[in-house]
Each structure stands twice: as C-alpha cells, then as structure tokens.
Amino acid sequence: MISIQKGEDLITITLQNILSYRKNDEDFINLVLNWNKKVLIELEGFYPVEVIFDHDEIRFKIKDFDKKINLKVKMGIYTFLDLAYGRLNPIKAVFKRKLKIKGLLKIGTLLKFMKIFLKTMKMVASDPNNNYYELNKETR
Amino acid sequence: MTETKDRDIYEKISKEDVLKKLTEIFEERNVTNKSGDLYPYSYDMTECEPHMPDFIVIPENALQLIELVKFCNSNLIPIVPFISGNNVGGLTIPENGGILVDFGKKMNKILHVDDNMMYALLEPGVTFGQLKKHLDENYPHLRYSYPFAPPYAGVVGNVLLSGMNNLSCKIGSMGDSINGLEVITADGEIVRIGSCFYGKDEAAPDSWWCRYPMPDLMGVFINWQGMTGLVTKCAVQLWPNPPIKKTYLAIVFGLTDVAPVMREVSRTDIIDDISAVSIEVVKMAVELPIPTKFSGEPDFASMFSISAKTKKQFKAKEEILFNEIENLNKQGKNVILVNADEFVKLFNLRVRCYLDLPSVVLPLVEYSGLTWFGSYAPSHKLEELIEKVNKLFNKHNITPFIYMKMMKSGHYAIFRPIMRYNKFKEGEEERYHMLLEEITDVCIDLGCIPYKTPAWMTEKMRKKINPGWINLFEKLKKFMDPNNIFNPGRWNT
Amino acid sequence: MLNIEFPDDLISLSLYNIFSSRKDERKFIKHAKDWNKKIMLHIEPFYPVTVIFNGSNIRFERKEYPEPDMKVKLHINTMLDIANDRLNPFFAIEEGKMEIEGLGEDSEKIMRFYNIFVVSMQMAAQEPNVNYYEINKNTR
Amino acid sequence: MTVIKQRNIFEKISKDNVYSKLLEIFGSDYVTNKDVDLYPYSQDMTENKPHMPDFIVIPESKEQLIELVKFCNEYSIPIVPYTTGNNVGGLTIPDYGGIVVDFGKKMNKILHIDDNMMYALLEPGVTFGQLKKHLDENFPTLRYSFPNAPPYSGVVGNALLSGMTNLGAKIGSMADSINGLEVITVDGNVARIGSCFYGNDKAEDDSWWCRYPMPDLLGLFVNFQGMTGLVTKCAVQLWPKEPIEKPQLVVFFGLTDLGPFLREVGRADIVNDVAAFSVEVAKMEVGIPEPVKYPEEPFYTAVMPMTAKTENQMNAKLEILKDIIEKLNKEGTDIHLIDYSEFAKIFGLKALNIYNLPSQILSLHEYSGLTWFGAYAPTHKFEELIEKTDALYRKHGVPPFNYLKIMKGGHYGIFRPIIRFKKFTDQDKIVRLLEEIADVCIDLGCIPYKTPSWLTAKLRKKINPGWISLFEKIKHCMDPNNIFNPGRWNT
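Protein chains in written order, with the numbering used here: chain G, 24 to 163; chain E, 8 to 500; chain S, 734 to 873; chain C, 25 to 515.
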C-alpha cells in the first residue's frame, strides 16, 4: 500500500491523480516500494514538480527542490497527452527530443520511471470514465 | 438585506377560511399549513432572509389555479410560484407569506415534442434531467441546452428568467427561445400567447412554434419573476443534435487575458458555448476546500464546445479555432489549447461535471450556502471587472470564483462571481454578504445588469435606472396585478 | 447588325442574354449572319430549346425541331464549367459531358458553333458585373 | 376592408389651434396642412383605403416629440409615425386623420456603431441603403442584414414589426435583434429600455448591447405598429462579415419540392437565408412584364446566401447541402443546385437584384399597386399552402408570386403570396383573391405580420379571448385616449 500526498496545484493534482490510479496494484507497489528516487517533471509552459519516491510514500514539491535529483524529465503538454493516449512512443519521443531527459545514462532509473509513470498514465487514459459516472450517477 | 414590508394579508379573510377554500380547490392531500412542511420553502441556498409561507398547495391543472387566482385576487392573498427552489436569488421566498404553489410535484409533464418545428411544450414543473432523458430516449436527433445547474432544476423557470445554457454562444439568452406561453392573469383569465394564440379554448399541439409576429404580449411575463401572472404552459425551442461534439479547454495565463480570448473566439461563430472559470474553481472540483492559486499556475480555464454534422465541417471549425488561438498567442497572449476530455481524464474526472450538463456541479452542492452576483455584462469591460472583483475576493480573503460566458456570437457577455459558504457557521453569512454587496456595487457601476435579482439588489438598481423605465414598470405591474398578489416583494413591489 | 428575338422562358432568356451582349460585334455577326441553321440545345436538368439562325435573325423555340442541323446536350453545371474555363469543351465532348450530334466533318460548322456558343458564353462569364451596377447605381 | 369608425378628432380643440401649436413646436418650415403635401401620406402601394392626415410634422428632436405627445394626449389628437411609407399593409395611413410624424427627413442619424458588441444605435429615419453604405465605408468587418425591400425603406420599422432579412435562416425574426429602445409614452415620459436603462437622462453609447435580463418592457413596443408609444431611438444587432461568399441557386421542378427542402436545409444550419420565389418572379426580374410559367420550367427557384470564414468551411457547408439534395431526390423530389453568381451572369445580371440587397426589385415597382399576405408559417404546412394558393391564383388568372423563407435554423417559416396590380383598374379582383388567400392561409395556421386592419379583423375572430382582452387592456393602459396610430388592429 503506497500513500500519495494530495496535490494542491494543477500539475501536482494531475500527477497525483495518475499515480493514485494503481496505488493498490501489486506490480505498482513492488516497483515503487523503497525505490527512493527524486524525479523532477516539467510540463513546458507550466512549472517543474519534484516527485519524491520515499519508501512507501510519494510526495511532491513545487519549490525549494532538492540538490540531488535522480532524473529530470521535460516535455510539452501535447507530448504529455500524446504519450498518455498512445499516439507517441516514449523512445521515439526521446530521440525526437520531444521528451527531454537529464540522466539518460542511468538507464535503469529511466526504464523504471517509465514503468511507474508512463505506463500508469496510459492506463488512466484508456480507462472508460466509469468512476466519474459512479460518482454522480444519481444525477444523470 | 431584503426588507420585508409588514403586511397583514388576512385582513379580508381568516386563515381558517383560506385553508377551507384551498382544501376545496386542491383536496386535503395537496394542501398543507404544517410548519414542518412549510419550513423547507421558507429559505433557499442564498443569504436572502427566510420567511415562512402560510400554505403550500400542489396543483395538477390550470382550472384549479384559475380558481385560486380569482380567490386570492379578491382576498389579497399573495401567490408565490415554486418549482424546485434552485434559483440563487431568494426568488421563491414568500416575503409576505401567503400561498406557495409547488408546480414541481404534479404539473411536471412534457406535453408535446414537435419533431419538425423543434420545440417542447412543457408544464412548469419539468426539470432539465427529465427533459434530457426524454429527448435522449425518444428524439435522439434533437437536443435542449443545459445551464450550470443540477438536473433537478426547472426548465421553464430558467427560460422565463433569461437564464443561459450550454448553447448560449450560438443562441444567446434563453429569453429568446420561448415560443409560447399559457398564463393565468390576475382576473383569473387564461391567456395563450405566441403562435398558439388561435383557437378559443385549446390550441393544437403543433401550433406552439413562434413568439412573433403579433403584438408581443410575451414580454409582460419574461423576467418578471412571477409578478404578472401564473405561467401554466411554456413552449421552448429545441435544436438538432449533431453527431460530432467535442470540447476544447483553453488554459489561459495572465489574469485578464481570458477576456480577449473569449471575445475573439466567440465572434468566429463556430462555438456552441464558451464559458470560463477561475483556476481555483477547477481545483475546487478536486475537493480542495480552500484552493489557492500558485505562481506559475494559469489564471483561467475556458471551455469551448464545438459540434458539427460532418467530419469535414468539424475539421473546418477546429482549424478556425486553432488559427484564432495562434493569432492570440502571436499577439502576446499565453494560451494553451487542449482537448478537454483527454486532459480532464489525466487531471481528475470530477471536473467532468462542468462538461456533462446538466450535472451536479460538485464544488457547489458540497456547501450548505451558495450565492452570487449573476449578470449580463458588456464584454469590453471584462478585464476591468475581473481585476476589480478579484481584488475584492482577496481583500476579504475568500477564494475567487468567477464564472463567465460569451453570448450570441459575442454580442454580450455573462459575468458571475460565485460564493460558496457554510450557512450554519457563525458570522459566515454576513462576511460573504459584505463581499457580495461590494462586488455588486463595482459591477453595476461598470454597467453589469444582474438577472434573477434578489430584492436587495433591485433596490440598488432602482437608484440607477432611468425614471421613465421605472414609471413604465410600476404602471404595468399595477395594471397587471392591482392587488399585488403575484410574488409580492420581487423588484421591491 | 443582327436582331435577336426577346424570348420569355428561362433558358432562351439565358441564350438571349449571352448573344445580345455581342450582337453588334463584327466577329459574332460574321459567324451568326446567314448561317441559316437550327441548333437544338438541351441544357439539363432543363428542357430543349432550338435556336434558329435565319439571315440576320436569331429566334428561339422551346421545342425539339424535326431534324435540326445540330443537337447539343449538356448539364447546366457542365455549361458553367466550360463558361468559366474550368473545363475544355473538347474534353467535355470526349468525357461525354457534352453530347453533340450532327457535327459531321464540316469544320466551318464546328468553328461557327464554337464561336457563337462557347465563346459567347465565356465572354459573358468573364465580364465584370459593371452593367448590373449601372442598372442599380441609384439604389445602392 | 378597413372599417373606419367615424371620430371627430377636433372636439376638444379647433384645428386652427392645433396648427398654431404645431408651428410653435416644430417651426413653420416643418409643419404643413396643405392638401398637396398631405396627399402622398394619405395612401400607400396597397389596396388599403386612403385617408388624409390633417398635418404633417417633421421632427428633429425628442424634446419636440415629448411636447407633441403631451399636447395630443390632452386633446386626443391621433399621432401616426412615418418613416418612408414602404410597408405593404397601410400601416401609416391615418385612418382617423390627425398628425403624421415624418421621421424620414431629419431624425435619420446613425448615432453609434459599437464595433465590439456589434450593434448600431439608430434614429427611426435611418434607411437600409444608408446603414449599408455607412458600414461598408467605416466598419467593413461588420454587416447588417437586409430585407427584400428597396434601399430607401426604414431599418427601425422593419425591426419593430418583426420583418425578416437575408440572415433569416440564421438569426430568425428581426425582433430578436433589437438591443434597446428609447420611447416616448403617452404621458410624455421618456423610457429607455434594455441594457441602456441605467443613467437618469442619458445612456452611454456603449450601453445598448442587450434586451435582457430585466423585466422585458420591450415587448410592449414590438409588433404594436406604433400603438403604444413613439420610438425615438433603436439599437439593432450587427454581425461579423465573413470573407467567403458563395450564393447558391436551387431549382425545383416539383410544385411542392420546396417544402421538404426548406425544412432540411433550415435544420442543417449552413445557409444565411433562403429566398424562394415562384419562377414567375425570377422571369419578372429579367424584365418579362407578364411572366407565365411554361410546363418545362421549374416551379420554384431559391437563392441562398452562403458565407464562411475559410474555404474549408465553405466546402464543408456545400458538401452538406449536396448531401441533402441527393437524399431528397432519392425520396422523389426533382431539385438541382447551381452556383448562383455564375448562373446569374449567363442568365442576366438583373437577377442579382434578388441577392445583392438592399436593391430595387425593379419590376415590382413598374406597377402602381402592390399587396401581399405576409405570414409566419408552420413549415409542415408548406406543401398544402403552396398547392392551395396556387389553385387560387389560377382560378383568378393571376400569375402566382409566392415568396417563402425558412427561419432561425428551421424553427419556423415564412409564406408570402405577393400580388402586383394596377390601381383603380384590377384592384377589386385582386382584393377578392387576397381575401381568399388570407382565409386559406390563416386556416392552415399562418400568422400574418405588418397586418392591415381588415386582416386583424379576421384574426380577432380566431384568437383566444384571453389574448384579446390582455391586448385590449395593455393598449388601454399604454394609450387611454387612443392617440397612437388609432385604427391599427382595429383599435
């Protein structure tokens, strides 16, 4: 069971929404548990958010970032959506410099991040809107 | 706040006799004077001062109401029409007591849907949810339009009070979507207005297709808040339901840049509906009790809904929208345009309640209190309005919640600061009302015209309106309702 | 100098309009005068009209003549394509968009027909709307 | 025909005293009581019975009119508003005499064009030609819309009487395009109605942008034919002018093919307007004095203004239009689509008159008389209306001139049989035909607009009593001494 900090700004809310999607799922927990890495995600046009994986916790920061960041990921909102909706393959994105990554050499970290984040994002995107309709079915 | 002019409404007849008469007209089970039953009708979501009605009646036909009106008119008893009490202006609070007529329970039939001339003939109690369901199931190629209101709000009340819906950028105020009315006037006469006006007692169901071109008697009942008669039937226009629909979300950085963005896009005449909300509102949807805006976050989110008959037409419209946004960014605006459905899914599905109307707009109903300054606004004043109102919100340190729309291809705008608060928390209501009054003064000074107006607001307006208008208004009210029985107190009557 | 009879049906009126703009033009007179031919023109979806060239007179009849010297059949939109240079009349014939009977080997006939009908049509189409604005200038 | 109840309007004051009062208000140059001056105001193009006014006045300011209204109300003298007298319903014929107020001469200023909120603030005398010229020269990105009327007819009258224009398929009745009014009511009060209602004596020029959301007093003056007050200012909505224009022509070989076409194309929401005419009208346009339809010719032709922001948008619209026609032809109609501007060049440029509005529909004016039954119509009755009126025309040996429109995205239609006639010669025959047409159409649910009083007399028999008594009450409340255009709607 992973606990995820509640977001209070647009981007963090989004990241939280995505990551929470699998917080009870075995594989996800195994990936995240004790990963203990700091990833800085920046959506161009908005602002960077630091995602801190700390044992069984995921926290976020939008300022006073830590000195030591394991991975820096930067992309535009359209790349973000294209990746989520499977219109763009992450590897291609990296080569096309649409997905800019600092720390490419730490290939392990990168791959794990992709498993944790990009994969989850795609699962969220492909999920039918059920849960929403659940939450106000009585009103439709 | 609303002053309730004290008026003894039982000079001419005793309460007991009134009850007797009501039971005679509506039968015992449809009449009540038990305070337990009366209480819920004595207030609404707003801070407007509550007042108990003396009776609730549940009518099922016009004949009963004719009898009621004649009776009330000769005995000077107030009549207050009520559908679901969802208005945000204390419009159905019986300021002088009297009889509250609840249409929502039994006079809520969809009488006719005209497939060819595209209208629906409704009783006053029909709700948005009910109409949508009926159309989706029986006339999937037709649609109505829906406001920023829960599905259990009333359709007829919304049009009679010039509400605005999610086709507003195309069709404008709902006041222009009314094809016809059946009304009971003070003398108990039943009047059919609009193209349905032929025929002695009944009109053919296929005759409710237009408001004009005969002398326009309909105005006498539009935006009058029930002060001129009791509406018993209303025909509203429907629209073709195009196969392709999509909503775009414009994320706008910079406090006032949303104004030119909305103005420019509305004039392209390709958008069904344009609405914009403060970013804080988007965040409210995610259950942040008191959301604050962080630097780097955009200021407004604007939604553009596009529909089309064919792919080609949709692409053409999309292209026009993209070009418009591109131009705006070239001119130094900072706008990011994304597919709303895609974005919302990643962001948080609860936000969909803004997209799929009618729906319970969660951040609103999760509070016990709700009030607003809802107004028609000059679109060239939007920048100034946003800035000044935002300041006021911050001064009172209340989360800014601004909702805007562009109407009828950009001919005018809607400016609506909204406040949610906790009704039962000591001092809360007063604090919010103070802010609301300050907002009202600023907006009216800038030319905004409030709609669904509570009495304390019309009082402010009366000081600014030209005397000729006031005279004509008073003259007409007196003449339509000499004994002031129809929803007295509205517009300080 | 030719005289062209003023007709009173839609299609003849169009032909009248086309011809009369050229009726004093030397080249046109040269071709039209003393041609003494009956040309049946069927503009679909409308009806056949026979144009009768007789000495210096041009008349129109709303019917198919027994044996006209030429029969031409084409759709109104094909006619407009030709008139506005979007379609070469000879391709139109090849593609079967314009059916011509009685063309024979008579090159003079082809020439005259081409000049009287096709050229006039194109001239009418190219002409700026001047004369219309003349008609109406007082009222605009 | 019009019943003129005799009424002596100079009981309370002598005609001479009225005259001197008028001189005092308007000055000697702008008041007349000479028959030669009065005569042209005593009649219009229609068959409606002429009646001489007693005075013509030419106002230039609201103040003069306030004084006039107060005076006339005190002495019960009729006031008839007049712009250019181009209505086809005898609406400005002073049935009881009295004073005709001619706004056309001096109260004809375009007071303000609001580029942002897209409206024009006008005095009652402004004409369509004048407004078009002004916009083309100063606000090329904006447009107004124009009726099938000459350029010298009045904009404000058209809007106040729910006229329809060449944006009708898109925006519907012009009454929905009124943003605000300044009106003088019977007690001499000046009421500003609409979003311009703030401010004691003056409204900001940029405040005339909407009719709602306050209690709708504007209705009291819409379609009342001047019976409730004197309108002195009116704001009307303008629209963005789209760069791409491709008018289309549609020909209909089946008598009633027009019906389903109008319904379908209206809903499709792709054309600005559909102006459908009997083929006789099209022929008349290119100068056939007495057009007859030959069996091979189509029954109807429709001209449709189409505009778009981009080529792609135009093509998308045309594609939808073609699909509609294909679908209908599969169902048995015989309808064909032709590019209008191209066709017009071949056919005769005069035909563009019908499209380039406002323009002089010449041939209508070669006749001394013109009348019509103009009505808002239920679109599912189009076929029946066409067939029945066609039969009546033939019975009376008059060429059928029908004019149809589809309004506001297909929500309702316009059905308008038009009749030209030579006054004093064949007038009686025409009147009979017109009455028969009126009866048939009203029975089918048509609602006439700009109604002459002989027609309202018929309507009153069919309208529900509640409406009539509310109408009477409001008229009485607004004009107790019946001074405002008395006789309209048989008041």
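Using N, Cα and C, we set each Cβ at its ideal position, and we do this for glycine too.
_Less than 7 Å between the beta carbons of C:I90 and C:G212, yes or no?_
yes
*Would the region 86 to 100 of chain E and the region 406 to 422 of chain E be scored as touching if the rule is three or more Cβ pairs under 8 Å?*
no
*G:I114: buried (16+ other C-beta within 10 angstroms of its C-beta) or exposed?*
exposed
*Contact belief for E:F400 with E:T447 at Cβ below 8 Å, rounded distance in angstroms*: E:F400 to E:T447, Cβ: 13 Å. No contact.
*Would you list the one or two residues that DSSP bridges to C:H360?*
C:V275
*Counting pairs of Cβ atoms below 8 Å between the region 173 to 182 of chain C and the region 276 to 288 of chain C, do you hit three or more?*
no
*For a contact meaning CB atoms closer than 8 Å, what does E:P298 contact in chain G?*
E31
*Any chance you could list the beta strand (DSSP E) runs of at least 3 consecutive residues sitting entirely within the region 378 to 433 of chain E, in chain order?*
382 to 384, 409 to 414, 419 to 428
*asked:* I want to verify the contact list: residues of chain E whose CB lies under 7 Å from the CB of G:N40, in sequence order.
replied: L353, F354, N355
*Using the Cα positions of E:I313 and E:G164, report the straight-line distance between them to the nearest angstrom.*
27 Å
*With burial defined as no fewer than 16 other Cβ atoms inside 10 Å of the residue's Cβ, what is the status of C:I471: buried or exposed?*
buried
*asked:* Based on DSSP bridge pairs, tell me the residues matched to E:N346.
replied: E:Y255
*Report the residue from S:E841, S:Y798, S:T783, S:M854 whose alpha carbon sits nearest the alpha carbon of S:F752.*
S:M854
*asked:* So C:V303 and C:E321 are supposed to be a Cβ contact under 8 Å. How far apart are they, rounded?
replied: 5 Å
*Within 7 Å of chain C by C-beta, residues of the region 212 to 233 of chain E in sequence order*: D213, S214, W216, C217, Y219, P220, M221, P222, D223, L224, M225, G226, V227, I229, N230, W231
*chain D partners of C:D503, CB-CB under 8 Å?*
Annotation note: the requested chain D is absent from the structure, which comprises protein chains G, E, S and C.
_Taking a contact to mean a Cβ-Cβ separation below 7 Å, would you say E:K177 touches E:D279 in this structure?_
yes
_Euclidean distance between Cα positions of E:I200 and E:M234_ = 17 Å
*Looking only at C-alpha atoms, which of C:K94, C:N97, C:V124, C:D40 sits nearest to C:D61?*
C:V124
*Helix, strand or coil for S:Y749 per DSSP?*
helix
*Measure the Cβ-Cβ separation of G:M98 and G:L122 and say whether it is below 7 Å.*
yes
*Of all Cβ atoms in chain C, is any one closer than 7 Å to the Cβ of S:P740?*
no
*asked:* Once the 5 residues before and after E:F431 are set aside, which same chain residues still bring their CB inside 7 Å of it?
replied: S375
*Mind checking which residues open and close the alpha helix (DSSP H) that includes E:L107?*
Run containing E:L107: none in the alpha helix (DSSP H); it sits in the beta strand (DSSP E), 106 to 109.
_Residues in the same chain with beta-carbon distance under 7 Å from E:N172, minus the five sequence neighbours each way, listed in chain order, please._
S152, Y153, P154, M181
_As assigned by DSSP and simplified to three states, the class of C:V422_ = coil
*Which residues, in order along the region 175 to 188 of chain E, keep a beta-carbon less than 7 Å from a beta-carbon of chain C?*
S180, G182, D183
*Shorter than 7 Å from the beta carbon of S:L735 to some beta carbon of chain C?*
no
*Determine the chain E residues that contact G:A107 at a beta-carbon separation under 9 Å, and present them in chain order.*
E349, K352, L353
*Let me know if C:M502 comes out buried or exposed under the rule of 16 or more other beta-carbons within 10 Å of its beta-carbon.*
buried
*Interface positions of the region 816 to 833 of chain S facing chain C (Cβ-Cβ less than 8 Å), listed along the chain*: A816, N817
*Would C:T107 be called buried (16 or more neighbouring beta carbons within 10 Å of its own) or exposed?*
buried
*Would DSSP call E:V508 helix, strand or coil?*
Since the first residue of chain E shown is 8 and the last is 500, residue 508 of chain E is not available in this structure.
*Neighbouring residues, chain S, relative to C:H360 (Cβ below 8 Å)*: P778, I809
_Chain-ordered chain G contacts of E:L295 [CB-CB under 9 Å]_ = K29, G30, E31, I36
*Could you list the residues in the region 55 to 87 of chain G with a C-beta less than 8 Å from some C-beta on chain E, going in chain order?*
G68, F69, Y70, I85
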